[in-house]
Every structure is written in C-alpha cells, then in structure tokens.
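The structure under discussion appears below in the form of structure tokens.
Protein chains: 2
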Amino acid sequence: MGVSKTELFTERQNELASIAKTLGHPARIAIIEHLISINACICNDLVNELGLAQATISQHLKELKNAGIIKGSVEGTSICYCINPEAWNKYRGLFDAFFVHLPTLKIAACSTNCGD
Amino acid sequence: MGVSKTELFTERQNELASIAKTLGHPARIAIIEHLISINACICNDLVNELGLAQATISQHLKELKNAGIIKGSVEGTSICYCINPEAWNKYRGLFDAFFVHLPTLKIAACSTNCGD
DNA sequence: TCGTTTCATTGCAATATTACGATGGTTTTT
DNA sequence: AAAAACCATCGTAATATTGCAATGAAACGA
Numbered sequence: 000m001g002v003s004k005t006e007l008f009t010e011r012q013n014e015l016a017s018i019a020k021t022l023g024h025p026a027r028i029a030i031i032e033h034l035i036s037i038n039a040c041i042c043n044d045l046v047n048e049l050g051l052a053q054a055t056i057s058q059h060l061k062e063l064k065n066a067g068i069i070k071g072s073v074e075g076t077s078i079c080y081c082i083n084p085e086a087w088n089k090y091r092g093l094f095d096a097f098f099v100h101l102p103t104l105k106i107a108a109c110s111t112n113c114g115d
Numbered sequence: 000m001g002v003s004k005t006e007l008f009t010e011r012q013n014e015l016a017s018i019a020k021t022l023g024h025p026a027r028i029a030i031i032e033h034l035i036s037i038n039a040c041i042c043n044d045l046v047n048e049l050g051l052a053q054a055t056i057s058q059h060l061k062e063l064k065n066a067g068i069i070k071g072s073v074e075g076t077s078i079c080y081c082i083n084p085e086a087w088n089k090y091r092g093l094f095d096a097f098f099v100h101l102p103t104l105k106i107a108a109c110s111t112n113c114g115d
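The listed protein sequences correspond, in order, to chains C and A. For the first sequence, numbering that gives the first Met the number 0 begins at 0 and goes up steadily by one. For the second sequence, numbering that gives the first Met the number 0 begins at 0 and goes up steadily by one.
Here is the structure:
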C-alpha cells in the first residue's frame with residue numbers, strides 16, 4: 000500500500016531506517032558532501048553545482064532539514080545551510096552501532112551454515 | 000517523475016545512496032539484525048518473527064539479496080539466509096568514509112557561519 | 001505418487017517519491 | 001516605490017514502493 004508498518008518494529012529500527020531513507024538519494028548525498036567540502040553554508044550554489052531545478056533542490060533541502068541533518072539561517076536575501084553536528088554525530092553513532100556487528104567468529108559460522 | 004537523475008552524480012554517490020535506500024525500511028533493518036543475532040541463516044522464521052506476510056518478507060529479502068547484503072542457499076525445502084560479509088564490510092567502509100567528515104574545526108566554522 | 005512444506009512470483013490497490021514549472025513571499029538594491 | 005534576487009510552496013505528471021492474496025515451483029516425507 001506504499002506505507003510502512005512502523006508499529007511492528009522498535010523505535011531505534013524505525014529511526015535508523017528513517018535516516019537511511021533520507022540518505023537514500025544521490026542528490027541528498029551530494030548536497031551534504033558539498034556542504035561539508037565548502038566548510039560553510041550554501042544556498043543557490045547547489046542549484047548550479049548539481050544539475051537540478053531550484054524547486055527540486057529546495058525539496059531535498061527540506062527533507063534533510065526535517066531529518067535534522069542540516070540547518071539553515073536567513074542571511075540577507077539568501078538562506079545559509081550547514082550541517083547540524085549534533086544530529087550528524089547521533090546518526091553516525093546509529094550507523095556505527097549497526098555496522099559494528101558481525102565479528103570474525105560469526106562470519107565463519109555464517110559461511111559454514113550457508114554453504115557456498 | 001519518481002525516477003532519480005543518477006547521471007548527475009558520481010558512481011560512489013549513487014552507490015552510497017543505493018545502499019542507504021536499501022537500509023531505508025525498518026523491516027529490512029529488522030531482518031538484517033535478526034540474521035545477525037541468530038548468528039546463522041533463517042528463512043520462514045522471519046515471517047513469524049516480524050508481523051509481515053510471507054510475500055512481503057520474500058520481497059524484502061529479494062531487495063537485500065539484490066544489494067548483496069545477504070545471500071541464500073537451498074537447504075532442503077527451505078532457504079538459508081545469512082549476511083554476506085564482503086558486501087557488509089564494503090558498505091560499512093562507505094558509510095564510515097561518509098560520516099568521518101566534519102572534524103571539530105569544521106564544526107566551529109559552520110556554527111559561526113550559520114549563526115544560531 | 002501424492003500431499004506437505006517452503007519460498008518466489010504475479011497481480012493488484014494504496015500510497016510515496018521525484019522532478020519541474022509556476023507562483024508568491026521576503027529581503028536587498030536601485 | 002519598483003525591480004531584482006533568492007527561496008519555499010503548490011500543483012501536476014511519471015514512476016516507485018509497500019503490502020498482501022493467490023498462484024506456482026521445488027524438495028521432502030508418507
């Protein structure tokens with residue numbers, strides 16, 4: 000039906016999936032990486048940097064803002080965006096905790112059980 | 000249009016977004032974590048473990064298999080799934096490299112520029 | 001062989017996502 | 001005040017995703 004059954008999963012699983020979903024578009028990855036490389040806040044540059052329309056960029060920025068990954072502040076006629084370090088570190092922690100699993104011992108056991 | 004303009008981004012950005020998208024559903028997170036906790040391969044258990052229909056679980060397993068995160072091998076009438084450690088480590092590396100950015104110095108600069 | 005178990009696949013309905021043109025609001029510049 | 005610059009939002013079209021019932025396909029046991 001196009002809607003996820005979030006009530007079946009833990010809050011952490013839903014949160015991890017939600018932030019992964021936010022990162023699940025190359026434009027949003029590119030926006031984040033450009034924000035980081037510029038080491039400061041951007042706005043209309045993203046429209047020129049990536050090849051997407053202004054409305055599309057604005058839409059992606061909104062999603063990133065909703066997720067908390069970035070924040071923006073008014074700066075004259077333009078809006079200055081930057082990474083939100085608190086959310087950034089929180090999400091890094093979530094992914095770290097997720098990927099830290101699967102030590103060597105488990106790898107061996109799994110390979111054995113799966114054959115192949 | 001519902002379709003991403005992948006040609007605008009680097010291969011790495013597309014790959015990172017793709018794997019993030021695969022992880023962007025709580026059922027797939029739950030499947031992965033259950034596979035890890037069982038330390039071996041599962042199949043029909045997932046239908047009982049999560050509250051989703053068999054067809055739905057099968058669909059999620061297919062996506063995880065397409066991404067390479069898991070692999071399955073026939074085991075009698077059932078199919079044994081497990082984490083694919085090579086892909087796992089590769090994706091962990093991608094996320095690590097992504098999140099490793101934003102050292103303390105940049106945090107300070109960004110906060111200053113953004114006001115707030 | 002026949003039924004059972006276990007999955008994958010198909011077909012469908014409901015909803016979500018992606019992209020963009022057009023429009024409007026806010027702030028600066030002239 | 002008028003024009004310009006910048007951005008968010010609305011509306012729309014095309015496509016993707018989610019979930020499930022129903023149906024097949026493959027392997028096992030009686």
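Idealized CB from N, CA, C, for every residue including glycine.
Distance check for residue j and residue i, CA to CA, integer angstroms please.
{"i": "Leu49/C", "j": "Gly23/A", "result": "23 angstroms"}
{"i": "Asn47/A", "j": "Cys42/C", "result": "48 angstroms"}
{"i": "Ser36/C", "j": "Arg11/A", "result": "16 angstroms"}
{"i": "Trp87/C", "j": "Asp44/A", "result": "35 angstroms"}
{"i": "Gly67/A", "j": "Asn13/A", "result": "15 angstroms"}
{"i": "His100/A", "j": "Glu74/A", "result": "43 angstroms"}
{"i": "Leu63/A", "j": "Thr9/C", "result": "20 angstroms"}
{"i": "Ile69/C", "j": "Ser77/A", "result": "45 angstroms"}
{"i": "Ala19/C", "j": "Ala19/A", "result": "5 angstroms"}
{"i": "Cys109/A", "j": "Ala54/C", "result": "Unreliable positioning characterises Cys109/A in this predicted model, as indicated by a pLDDT of 47, which lies under 50. The coordinate reading is nonetheless provided below. For Cys109/A and Ala54/C, the distance between alpha carbons rounds to 25 angstroms."}
{"i": "Ser57/C", "j": "Lys89/C", "result": "24 angstroms"}
{"i": "Gly92/C", "j": "Gly1/A", "result": "31 angstroms"}
{"i": "Tyr80/A", "j": "Gly71/A", "result": "4 angstroms"}
{"i": "Asp118/C", "j": "Asp95/A", "result": "Lying outside 0 to 115, the shown extent of chain C, residue 118/C is not represented and no answer is given."}
{"i": "Ala5/A", "j": "Glu32/C", "result": "The sequence as given places Thr at residue 5/A; Ala does not occur at that position. Distance between the alpha carbons of Thr5/A and Glu32/C is about 16 angstroms."}
{"i": "Ser17/A", "j": "Asn65/C", "result": "21 angstroms"}
Below 8 angstroms on the Cβ atoms is my guess for residue i versus residue j; work out the distance and round it to an integer in Å.
{"i": "Leu7/C", "j": "Phe97/C", "result": "That pair is no contact at about 18 angstroms."}
{"i": "Leu60/A", "j": "Ile30/A", "result": "7 angstroms"}
{"i": "Leu51/A", "j": "Ile82/A", "result": "About 20 angstroms separates the two Cβ atoms, so there is no contact after all."}
{"i": "Ser3/C", "j": "Pro84/A", "result": "Contact flag wrong, Cβ pair sits at about 28 angstroms."}
Could you list the residues in the stretch 5 to 20 of chain C with a C-beta less than 7 angstroms from some C-beta on chain A, going in chain order?
Thr5, Leu7, Phe8, Gln12, Asn13, Leu15, Ala16, Ala19, Lys20
Every unbroken beta strand (DSSP E) inside the stretch 47 to 82 of chain A [3 residues or more]:
69 to 74, 77 to 82
By the 7 angstroms beta-carbon criterion, what residues does the stretch 74 to 102 of chain C contribute toward chain A?
Cys79, Cys81, Ile82, Pro84, Trp87, Arg91, Phe94, Phe98, His100, Leu101
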